[in-house]
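Visitor:
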Amino acid sequence: MNDRIEKRIELKAPVFRVWRALTDHREFGEWFRVKLDGPFMPGQVSRGHITYPGYEHVKWEAVVQKMETERLFSFTWHPYSIDPETDYSKETPTLVEFKLEKTASGTLLLLTESGFDKVPSPRRLEAFRRNEGGWTEQMKNIESHVAQKR
Amino acid sequence: MSRKSGSGIAGNRWAQAPVFAALGDRTRLSLVAKLSVGQPCSISQLTGGSKLTRQAITKHLRVLEGAGIVHGVRAGREKLFEFDPEPVEEIRKYLDLVSERWDQALARLKSLVED
Chain E
1 MNDRIEKRIE
11 LKAPVFRVWR
21 ALTDHREFGE
31 WFRVKLDGPF
41 MPGQVSRGHI
51 TYPGYEHVKW
61 EAVVQKMETE
71 RLFSFTWHPY
81 SIDPETDYSK
91 ETPTLVEFKL
101 EKTASGTLLL
111 LTESGFDKVP
121 SPRRLEAFRR
131 NEGGWTEQMK
141 NIESHVAQKR
Chain F
151 MSRKSGSGIA
161 GNRWAQAPVF
171 AALGDRTRLS
181 LVAKLSVGQP
191 CSISQLTGGS
201 KLTRQAITKH
211 LRVLEGAGIV
221 HGVRAGREKL
231 FEFDPEPVEE
241 IRKYLDLVSE
251 RWDQALARLK
261 SLVED
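As given, the protein sequences belong to chains E and F, one line each in that order. So that you can map any letter, position 126 of the first sequence is 126 in my numbering, and since no number is skipped, the others follow by simple counting. Take any residue in the second sequence, note its place counting from 1, add 150, and you have its number in my numbering.
In structure tokens, the structure reads:
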């Protein structure tokens, strides 16, 4: 059974542009829907707030792992840690890695999130339950937003 | 999500028993494969045709039981083991959910850098 998520996406933009969108905390915040307190630094905790409509009260926290310019950006975090009452710090986080490769037409972005085997089961259920309400609606909104932009 | 998993007790049942780890073994996977297609099986039935001892099979079944993937049921004097698809199903749904969210985020990233 696979305990990771892998995505490959071709971007029609040079590697330096994609690198900036990933590692500049303001640009990251724009597409990830989070307002970060400060720049990413390897080994440092990155903090902020979700800007996703309806989730503005939710804190965002990750630990930056690697920043190898225009090649690899990675951080660990607790996906779906959206309950302010729960202390997630004792749980094993998942690892998110963005790898960049130059291609003829731009950049190949490889995203991996791994370590789901350590996410406690009740948390997975909670995420699923929550999704049945707000997220589904939000995803539809984004879909139509993205579709309009194309 | 099915009825059982909603309650706290049922949820906690697997809390400390990672399903991935339980399935990350060839013998256990083959036991699950056997149990998932047919009727509940006894240890003797599961040991038959396998090179492993009864003790070894019992040990593997305990790991699967701990993760909630397999349940022991009494049938007279015998204990039978049956497959429970719920923990595996739950993980699959969770990963689908996280995966879907990445698709959305990456779509926004794409429009940001390609603009």
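We put the CB at the ideal spot given by N, CA and C, even for glycine.
Does the beta-carbon of I5 of chain E, which I'm using as the reference point, lie nearer than 7 Å to any heavy atom of the ligand ATP?
Guide: No copy of the ligand ATP occurs in the structure displayed, which carries no ligand at all.
Visitor: Can you list the residues of chain F that F32 of chain E reaches, using a CB-CB cut of under 7 Å?
Guide: Looking up residue 32 of chain E in the first sequence gives position 32. In chain order: A255.
Visitor: Count the other CB atoms within 10 Å of the CB of A257 of chain F; is the residue buried (16 or more) or exposed (fewer)?
Guide: In the second sequence, counting from the first residue as 1, residue 257 of chain F sits at position 107. It is buried - the Cβ of A257 of chain F has at least 16 other Cβ atoms within 10 Å.
Visitor: Could you give the uninterrupted runs of the beta strand (DSSP E) lying entirely in the stretch 167-249 of chain F, keeping only those of 3 residues or more?
Guide: Listed in chain order, the complete beta strand (DSSP E) runs (minimum 3 residues) inside the stretch 167-249 of chain F are 220-225 and 228-233.
Visitor: Which residues in the same chain have their Cβ closer than 7 Å to the Cβ of L202 of chain F, if we skip the five residues on either side of it in sequence?
Guide: Position 52 of the second sequence, counted from the start, is the residue given in the question as residue 202 of chain F. The residues are T177.
Visitor: Check for me: the beta strand (DSSP E) holding V45 of chain E runs from which residue to which?
Guide: For the purposes of this step, residue 45 of chain E is taken as the residue at position 45 of the first sequence. Residues V45 to I50.
Visitor: Can you tell me whether K118 of chain E is helix, strand or coil according to DSSP?
Guide: The residue labelled residue 118 of chain E in the question sits at position 118 within the first sequence. Of the three classes helix, strand and coil, the one that applies to K118 of chain E here is helix, per DSSP.
Visitor: Since T112 of chain E contacts E6 of chain E with CB under 8 Å, what's their CB separation in whole angstroms?
Guide: On the first sequence, residue 112 of chain E is found 112 positions in, with the first residue counted as 1. On the first sequence, residue 6 of chain E is found 6 positions in, with the first residue counted as 1. Contact holds; Cβ gap of about 5 Å.
Visitor: Quick one: is A13 of chain E buried, meaning 16 or more other Cβ sit within 10 Å of its Cβ, or exposed?
Guide: On the first sequence, residue 13 of chain E is found 13 positions in, with the first residue counted as 1. It counts as buried.
Visitor: Whose Cβ in chain F lies nearer than 7 Å to the Cβ of A13 of chain E?
Guide: By one-based count along the first sequence, residue 13 of chain E stands at place 13. Going along chain F in sequence order, the residues near A13 of chain E (Cβ under 7 Å) are V263 and E264.
Visitor: Can you tell me which residues form a DSSP beta bridge with K157 of chain E?
Guide: A query on residue 157 of chain E cannot be resolved here, the shown segment of chain E reaching from 1 to 150 and no further.
Visitor: Going along the chain, which residues of its own chain have a beta-carbon closer than 8 Å to the beta-carbon of T103 of chain E, five neighbours each way excluded?
Guide: In the first sequence, the residue the question calls residue 103 of chain E occupies position 103. Once the five neighbours on either side are set aside, the close Cβ partners of T103 of chain E are E10.
Visitor: Can you give me, in chain order, the residues of the stretch 170-200 of chain F that have a beta carbon less than 8 Å from any beta carbon in chain E?
Guide: Against chain E - using a Cβ distance shorter than 8 Å - the residues of the stretch 170-200 of chain F are F170, A171, L173 and G174.
Visitor: Taking CB distances under 8 Å as the criterion, tell me whether P235 of chain F reaches chain E.
Guide: The sequence position of residue 235 of chain F within the second sequence is 85, counting from 1. For P235 of chain F, the answer is no, since every Cβ of chain E falls outside 8 Å of its Cβ.
Visitor: Tell me which same chain residues have a C-beta within less than 6 Å of the C-beta of E137 of chain E, skipping the five on either side of it?
Guide: Numbered from 1 along the first sequence, position 137 holds the residue referred to as residue 137 of chain E. At E137 of chain E the pLDDT is 49, less than 50, meaning the model places this residue with poor confidence and gives no usable figure here.
Visitor: For E10 of chain E, which three-state DSSP category applies?
Guide: As a first step, residue 10 of chain E is located in the first sequence; it is residue number 10 there, counting from the start. In this structure, E10 of chain E counts as strand in the three-state DSSP scheme.
Visitor: Can you give the Cα-Cα distance for R8 of chain E and W31 of chain E, rounded to whole angstroms?
Guide: Position 8 of the first sequence, counted from the start, is the residue given in the question as residue 8 of chain E. Position 31 of the first sequence, counted from the start, is the residue given in the question as residue 31 of chain E. About 17 Å.
Visitor: Is there a C-beta anywhere in chain E that falls below 8 Å from the one on V248 of chain F?
Guide: The sequence position of residue 248 of chain F within the second sequence is 98, counting from 1. Closer than 8 Å to some Cβ of chain E, the Cβ of V248 of chain F qualifies, so yes.
Visitor: Would you say L214 of chain F lies against chain E (beta-carbon separation less than 8 Å)?
Guide: For the purposes of this step, residue 214 of chain F is taken as the residue at position 64 of the second sequence. No, its Cβ sits nowhere closer than 8 Å to a Cβ of chain E.
Visitor: Could you tell me whether any Cβ in chain F is nearer than 8 Å to the Cβ of E70 of chain E?
Guide: One-based indexing of the first sequence puts residue 70 of chain E at position 70. Taking Cβ atoms only, chain F never reaches closer than 8 Å to E70 of chain E, which makes this a no.
Visitor: Sorted by chain position, which residues of the same chain lie with C-beta nearer than 6 Å to G48 of chain E's C-beta, five sequence neighbours on each side aside?
Guide: Reading the first sequence from its first residue, position 48 is the one you call residue 48 of chain E. Excluding sequence neighbours, G48 of chain E sits near V34, K35, L36, D37 and W60.
Visitor: Have a look at A160 of chain F and P237 of chain F and give me their C-alpha separation to the nearest angstrom.
Guide: The residue labelled residue 160 of chain F in the question sits at position 10 within the second sequence. The residue labelled residue 237 of chain F in the question sits at position 87 within the second sequence. Its pLDDT being 37, under 50, A160 of chain F is placed unreliably by the model, and the measurement read from it follows with that caveat. Cα to Cα, A160 of chain F sits roughly 11 Å from P237 of chain F.
Visitor: Can you tell me which of F:L196, F:L245, F:I219 and F:L214 puts its alpha carbon nearest to the alpha carbon of P235 of chain F?
Guide: Numbered from its first residue, the second sequence carries residue 235 of chain F at position 85. Nearest C-alpha to P235 of chain F: F:I219.
Visitor: With 8 Å as the threshold, decide whether the Cβ of E56 of chain E is near any Cβ in chain F.
Guide: The count along the first sequence starts at 1 and reaches residue 56 of chain E at position 56. Chain F, which has no Cβ nearer than 8 Å to the Cβ of E56 of chain E, makes this no.
Visitor: Does any CB atom of chain F fall closer than 8 Å to the CB of A21 of chain E?
Guide: The count along the first sequence starts at 1 and reaches residue 21 of chain E at position 21. Output row for A21 of chain E: interface = yes.
Visitor: For the alpha helix (DSSP H) that V18 of chain E lies in, which residues bound it at each end?
Guide: Position 18 of the first sequence, counted from the first residue, corresponds to residue 18 of chain E. Element bounds for V18 of chain E: V15 to T23.
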